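In full-length UniProt numbering, the protein residues as written are 1 to 531. Single-structure report; data block below.
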Amino acid sequence: MKKIYITFLLFVVAVMSGCYEDKGNYDYKNINELEITFEKPTYSVTFGESLSITPDFNLELPEESDRYTYNWYVNGNMRPEWNQRDFNWAVDTIFKDGKVVLEVTDTKYGITYMNRASLDVVGIFENNYSWMILSDVEGESRLSYFSNLEYDSDAEEFKKVKFYDDVYVMANDGKLGTGPIALQEHFRAQVDYETIIGNVCVFQESGAVDLSGESFEKQIDMVESFDGGVYPAGAIIYPGTFMDRVDVLADQKGQLYSRFRAVATVYNSEYFLQTPLSFEGETLEQCRVARGFYRANRTGYAVVYDGKNKRMLYTVNSDYWDDIAGAGRFVALPARGIENTEEDVIVPLDNMEGYELIKMGMFGYGALEDWTNQYGIYLLLREESTDKVFLELIRLKGSSARPVLQEVLLHEIKGLPEVPSTVTVPLDKPEYAFFGAGNNVYFLDLKNPKNSVVLYKSFGAKVTAINAESMYNKHMAVGLENGEFYILFIREAKNVAEEKKVLYPKGAYPADQRVGRIVDIQYKQLDHWNY
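Following this line, the structure appears as structure tokens:
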């Protein structure tokens with residue numbers, strides 16, 4: 001009986017389905033999906049500049065049609081004026097790791113399409129490939145800034161730049177000072193991985209001042225960082241080293257003064273002592289501290305030239321097992337590295353008698369297979385008896401308070417018309433060294449150091465400052481006695497065509513950008529990405 005009942009129900013359903021008249025509309029239309037693309041996946045713009053984005057579509061969208069609506073969002077926020085097909089914004093907010101989003105709505109079908117791009121907005125003085133320039137204008141100090149607003153890494157050229165003639169006056173009341181000496185960027189320890197833009201210390205005869213790296217506003221006169229609020233009697237303060245715990249500055253006589261910072265996350269905490277530093281019972285004099293891109297707050301030590309005793313020392317931040325133990329102690333470097341032989345012709349680091357140190361600096365030698373860091377010190381030396389010029393390269397292993405001297409190499413520099421006034425070495429595993437002599441810049445191929453130097457670029461005035469510390473060993477900034485500032489492309493220097501060497505300026509030099517005799521140039525490191 002149950003089977004008969006089920007069969008009857010199935011029969012009724014089948015009959016009713018056959019009688020149903022389907023009156024639905026099955027006249028379907030294909031709706032092509034809209035695809036939105038941007039010229040770049042990531043945009044970076046400087047605060048105060050304008051950002052414009054023109055989207056591309058795979059379909060033709062008539063601009064006069066009201067079928068489509070456009071809404072742009074920055075980090076989820078929209079403004080009334082951001083309802084146009086193209087995005088235009090006078091940038092008034094600083095942020096990193098942001099997003100810009102475009103939503104296009106097809107009002108006919110009620111469908112919204114979307115695409116996004118990454119967006120960073122950096123401060124006015126926080127651009128990559130940018131340089132600080134210290135110059136002397138009739139005895140007065142002037143701080144200028146070359147700002148890269150857009151760089152094409154494929155074409156290796158600046159697309160948009162801005163030159164700030166006097167950034168100190170822009171940010172402060174009054175003048176910077178007189179008797180410019182040098183610039184030094186320095187850093188405090190990070191807190192919770194926050195971005196740290198390094199401060200900029202301007203050393204000058206009228207007194208050093210410490211400026212914010214974000215705005216160039218004056219933070220303090222460095223005299224305030226000395227015990228009692230005064231400099232040691234008669235001292236003019238020169239650059240030194242700023243480490244996490246120990247800072248060391250020099251004076252015009254090469255005497256050294258230090259402070260121990262109990263709080264490494266604060267700039268200029270604690271005071272420099274009035275008493276100059278000693279080593280082995282003798283006051284250190286005629287000293288210079290090696291500066292360079294890889295600062296001592298990373299390496300844990302700073303190399304010091306002891307000019308009175310013609311030898312190389314290093315001072316430590318602190319011993320790695322204790323922040324206080326050993327902080328600021330000095331250690332003498334041995335004569336030669338552990339990889340050197342007695343037959344190697346070098347200037348021994350424990351006895352450099354007969355040689356004048358013209359300039360020294362620091363660079364990176366690259367990591368070993370065990371990821372141990374190696375750092376280099378370059379010494380530009382003049383042999384006093386012959387006037388011959390030498391470049392000595394020192395390779396150190398380790399980034400703690402106990403660096404190991406691996407090797408010392410000595411290269412005679414041949415082919416220079418005169419003793420060079422300055423030298424620079426690219427920051428990471430350099431293949432070339434560059435020398436400023438007269439109106440010219442020359443390079444030495446470090447893979448073939450016995451060869452003579454090669455003329456790289458000639459200028460219309462004496463070269464007074466050069467700096468090759470930008471990322472990827474690409475650029476070298478050059479400053480001249482007549483106040484002109486240039487940026488050269490130097491990667492694979494021996495293969496660069498003449499017309500490709502000068503990246504800035506293109507064409508005739510802008511007359512309004514001569515800033516006085518250039519004393520020092522420093523690459524703006526920003527947040528110390530090598531920290």
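Yeah, the Cβ is synthetic: ideal placement off N, Cα and C, and Gly gets one too. Since we're looking at a predicted model, the values are computed, not measured.
Have a look at residue 375 and residue 397 and give me their C-alpha separation to the nearest angstrom.
6 Å
If residue 540 sits next to residue 518, beta carbons under 8 Å apart, how far is it from one beta carbon to the other, in whole angstroms?
An answer regarding residue 540 cannot be provided, because it is not within the stretch 1 to 531 covered by the chain.
Taking the alpha carbon of residue 521 as the reference point, which residue from 48, 202 and 83 has its own alpha carbon closest?
Taking only the C-alpha atoms, the option nearest residue 521 is 202.
Can you grab the Cα-Cα spacing for the pair residue 130 / residue 523, in whole Å?
For residue 130 and residue 523, the distance between alpha carbons rounds to 6 Å.
Whose C-beta lies closer than 6 Å to the C-beta of residue 213 among residues of the same chain, with five residues either side of it excluded?
197, 198, 199 and 200
Alpha carbon of residue 308 to alpha carbon of residue 117, nearest angstrom:
58 Å
Assuming residue 73 is part of the beta strand (DSSP E), what are its boundary residues?
Unbroken beta strand (DSSP E) run through residue 73: 68 to 74.
Among 67, 259 and 34, which residue has its Cα nearest to the Cα of residue 269?
Taking the Cα of residue 269 as reference, the smallest distance to any Cα among 67, 259 and 34 is reached at 259.
Looking only at C-alpha atoms, which of 112, 244 and 303 sits nearest to residue 71?
112
DSSP-derived helix/strand/coil call for residue 142:
Assigned with DSSP and collapsed to three states, residue 142 falls in strand.
Kindly indicate the opening and closing residues of the beta strand (DSSP E) around residue 314.
311 to 316
Which class does residue 228 belong to by DSSP, given the choice of helix, strand or coil?
helix
How about residue 106 and residue 34: are their beta carbons less than 8 Å apart?
yes
When the distance is taken between beta carbons, is residue 284 closer than 8 Å to residue 277?
Pairing residue 277 with residue 284 gives a Cβ-Cβ distance under 8 Å.
Residue 282 to residue 124, Cα distance in whole Å?
47 Å
Determine which residues share a DSSP beta bridge with residue 288 and list them.
305
Check whether the Cβ atoms of residue 327 and residue 350 sit closer than 8 Å, and answer yes or no.
no
Best match in 82, 32 and 115 for proximity to residue 39 [C-alpha to C-alpha]:
115
CB residue 462 to CB residue 444, shorter than 8 Å?
no
Proximity winner among 439, 460, 459 and 433, relative to residue 449 (alpha-carbon distances)
433
Identified DSSP bridge partners for residue 118
42 and 99
In whole angstroms, give me the CA-to-CA distance for residue 533 and residue 168.
Outside the displayed span of the chain (1 to 531) sits residue 533, for which this structure offers no information.
Measure the Cβ-Cβ separation of residue 122 and residue 188 and say whether it is below 8 Å.
no
Assuming residue 381 and residue 331 form a contact by the criterion Cβ under 8 Å, report the distance between their Cβ atoms to the nearest whole angstrom.
About 22 Å separates the CB atoms of residue 381 and residue 331; that is not less than 8 Å, and the two are not in contact.
Let me know if residue 84 comes out buried or exposed under the rule of 16 or more other beta-carbons within 10 Å of its beta-carbon.
exposed
Since residue 75 and residue 95 should fall inside the 8 Å C-beta cutoff, what is the C-beta to C-beta distance between them, to a whole number of angstroms?
Sure, about 7 Å apart at Cβ, within 8 Å.
Where in the stretch 359 to 407 do unbroken runs of the beta strand (DSSP E), each at least 3 residues long, occur, reported from the N-terminal end onward?
As far as the stretch 359 to 407 is concerned, its whole beta strand (DSSP E) runs of at least 3 residues are 374 to 383 and 389 to 397.
Just confirm the distance between the C-beta atoms of residue 454 and residue 416, as a whole number of angstroms; I'd bet it's less than 8 Å.
Contact doesn't hold; Cβ gap of about 11 Å is too wide.
Nearest residue (CA-CA) to residue 371, options 428, 399 and 300:
Out of 428, 399 and 300, the CA that lies nearest to the CA of residue 371 is found in 399.
Residue 216 and residue 143: beta carbons closer than 8 Å?
For residue 216 and residue 143, yes; Cβs fall inside 8 Å.
Limits of the unbroken beta strand (DSSP E) element including residue 456
Residue 456 -> beta strand (DSSP E) spans 454 to 458.
Whose C-alpha, out of 402, 354, 359 and 190, is nearest the C-alpha of residue 383?
Considering only alpha carbons, the answer is 354.
Helix, strand or coil, according to DSSP, for residue 299 in the structure here?
helix
Looking only at its chain, what residues have a beta carbon closer than 7 Å to the beta carbon of residue 61, apart from the 5 residues adjacent to it on each side?
68
Element boundaries [alpha helix (DSSP H), containing residue 246]
Where residue 246 is concerned, there is no enclosing alpha helix (DSSP H), although the beta strand (DSSP E) it sits in stretches over 246 to 251.
If you draw a straight line from the C-alpha of residue 406 to the C-alpha of residue 317, how long is it?
Between residue 406 and residue 317, the C-alpha separation is close to 21 Å.
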